[in-house]
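Engineer: Just so you know, the protein sequences line up as chains A and B, in that order. For the first sequence, position 88 matches number 73 in the numbering used here, and the numbering has no gaps at all. For the second sequence, position 100 matches number 175 in the numbering used here, and the numbering has no gaps at all. Have a look at this one before I ask anything.
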Amino acid sequence: GEDVEQSLFLSVREGDSSVINCTYTDSSSTYLYWYKQEPGAGLQLLTYIFSNMDMKQDQRLTVLLNKKDKHLSLRIADTQTGDSAIYFCAESSQAGTALIFGKGTTLSVSS
Amino acid sequence: GAGVSQTPSNKVTEKGKYVELRCDPISGHTALYWYRQSLGQGPEFLIYFQGTGAADDSGLPNDRFFAVRPEGSVSTLKIQRTERGDSAVYLCASSLLGGNTDTQYFGPGTRLTVL
Chain A
-14 GEDVEQSLFL SVREGDSSVI NCTYTDSSST YLYWYKQEPG AGLQLLTYIF
36 SNMDMKQDQR LTVLLNKKDK HLSLRIADTQ TGDSAIYFCA ESSQAGTALI
86 FGKGTTLSVS S
Chain B
76 GAGVSQTPSN KVTEKGKYVE LRCDPISGHT ALYWYRQSLG QGPEFLIYFQ
126 GTGAADDSGL PNDRFFAVRP EGSVSTLKIQ RTERGDSAVY LCASSLLGGN
176 TDTQYFGPGT RLTVL
């Protein structure tokens, strides 16, 4: 079945860039998402990218997609302590269908 | 406008009991999804509705789990004869089908603890 893999932890210093990586197995993945989850809170959609795109930039966030390698990354520029959270990569093959999530990457930002 | 809401926020029950978890989607969203998130894991899909009907229930783990959405808005996830392994955060999401991405917006979840 489909699988989404992420590294479990990332630790950075405030002001540095963070790069969170994700790989997926479903070659029919059409939509790829990044969600953020803060302690005790629900999932907040950060950004998404279509499989026919290579890159998407939204303020401090840059998403890169390598469809050949089925690799997705999220770069956060000028990381702040408020960015500390768990980041989930998710994919779906069709709009409106179930999302397949990775296990999440815990980002820890130290000042 | 208001986001997705879920009640209760926390539910503690005893093994073998029946529980109901409620989800109020964003007004006008036609699709509604249930996921389950165990500690240290990502959300796992359970079931999704388009309108009143279950379009995909392939994620329900067994026949103790059932969900309804009788009027195409509020949904209730029902768990019979609860087991300790059912303890998790149950997340609900909704989306406006027909949009470019059909982005799913999540509620805060219901934390279910089965003693």
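Don't be surprised by glycine CBs; every beta carbon is placed ideally from N, CA and C. All of these numbers come straight from a predicted model, not from anything done at the bench.
Please tell me whether Leu30 (chain A) has its Cβ less than 8 Å away from any Cβ of chain B.
Structural biologist: Your numbering for residue 30 (chain A) matches position 45 in the first sequence. Yes, because at least one Cβ of chain B sits closer than 8 Å to the Cβ of Leu30 (chain A).
Engineer: From the DSSP output, which residues share a beta bridge with Val149 (chain B)?
Structural biologist: To locate residue 149 (chain B), count along the second sequence from 1; it is residue 74. DSSP output for Val149 (chain B) lists no bridge partner at all.
Engineer: Could you say which of A:Leu50, A:Ser93, A:Asp1 and A:Leu(-7) lies nearest to Tyr167 (chain A) if we only look at CA atoms?
Structural biologist: This structure cannot settle anything about residue 167 (chain A), because the visible part of chain A is limited to -14 through 96.
Engineer: So Tyr123 (chain B) contacts chain A; which residues on that side make the cut at Cβ distance below 7 Å?
Structural biologist: What you label residue 123 (chain B) is simply residue 48 of the second sequence in a count that begins at 1. Chain-ordered, the chain A residues with CB closer than 7 Å to the CB of Tyr123 (chain B) read Ala83.
Engineer: Do Ser(-8) (chain A) and Ala62 (chain A) come within 8 Å of each other at the CB atom, strictly closer than that value?
Structural biologist: Position 77 of the first sequence, counted from the start, is the residue given in the question as residue 62 (chain A). Position 7 of the first sequence, counted from the start, is the residue given in the question as residue -8 (chain A). It is not a contact, given that the beta carbons lie outside the stated cut-off.
Engineer: Where do the ends of the beta strand (DSSP E) carrying His56 (chain A) lie?
Structural biologist: Translated into positions along the first sequence, residue 56 (chain A) becomes position 71. Per DSSP, His56 (chain A) belongs to the beta strand (DSSP E) from His56 to Ile61.
Engineer: So for Gly128 (chain B), helix, strand or coil by DSSP?
Structural biologist: For the purposes of this step, residue 128 (chain B) is taken as residue 53 along the second sequence, with counting starting at 1. Looking at Gly128 (chain B) - three-state DSSP - the assignment turns out to be strand.
Engineer: Mind listing, in chain order, the continuous alpha helix (DSSP H) runs of no fewer than 4 residues lying wholly within the stretch -3 to 25 of chain A?
Structural biologist: none
Engineer: Short check: CB of Leu30 (chain A) to CB of Thr178 (chain B), under 8 Å?
Structural biologist: Here residue 30 (chain A) corresponds to residue number 45 of the first sequence, with the count starting at 1. Here residue 178 (chain B) corresponds to residue number 103 of the second sequence, with the count starting at 1. Yes. Within cutoff.
Engineer: Could you tell me whether the Cβ of Lys88 (chain A) comes closer than 8 Å to any Cβ of chain B?
Structural biologist: What you label residue 88 (chain A) is simply residue 103 of the first sequence in a count that begins at 1. Output row for Lys88 (chain A): interface = yes.
Engineer: Identify which residue in B:Glu95, B:Val87, B:Trp109 and B:Lys153 has its Cα closest to the Cα of Tyr123 (chain B).
Structural biologist: Taking the second sequence and counting its residues from 1, one reaches residue 123 (chain B) at position 48. Comparing Cα positions, the closest option is B:Trp109.
Engineer: Can you give me the C-alpha to C-alpha distance between Arg(-2) (chain A) and Arg45 (chain A), rounded to a whole angstrom?
Structural biologist: On the first sequence, position 13 is the one that residue -2 (chain A) refers to. On the first sequence, position 60 is the one that residue 45 (chain A) refers to. Between Arg(-2) (chain A) and Arg45 (chain A), the C-alpha separation is close to 16 Å.
Engineer: Give the residues of chain B in contact with Ala70 (chain A), contact being defined as C-beta atoms less than 8 Å apart.
Structural biologist: Within the first sequence, the letter at position 85 stands for residue 70 (chain A). Chain B residues near Ala70 (chain A): none, gap ~14 Å exceeds 8 Å.
Engineer: I'd like to confirm the pairing. Which residues does DSSP put opposite Asn51 (chain A) in its beta bridges?
Structural biologist: In the first sequence, counting from the first residue as 1, residue 51 (chain A) sits at position 66. DSSP output for Asn51 (chain A) lists A:His56 as bridge partner(s).
Engineer: Use the C-beta contact count for Lys55 (chain A): other C-beta atoms within 10 angstroms, 16 or more gives buried, fewer gives exposed.
Structural biologist: To locate residue 55 (chain A), count along the first sequence from 1; it is residue 70. Result: buried.
Engineer: Start and end of the beta strand (DSSP E) containing Thr82 (chain A)?
Structural biologist: Mapped onto the first sequence, residue 82 (chain A) falls at position 97. Counting along the chain, Thr82 (chain A) falls outside any beta strand (DSSP E), and DSSP gives it neither H nor E.
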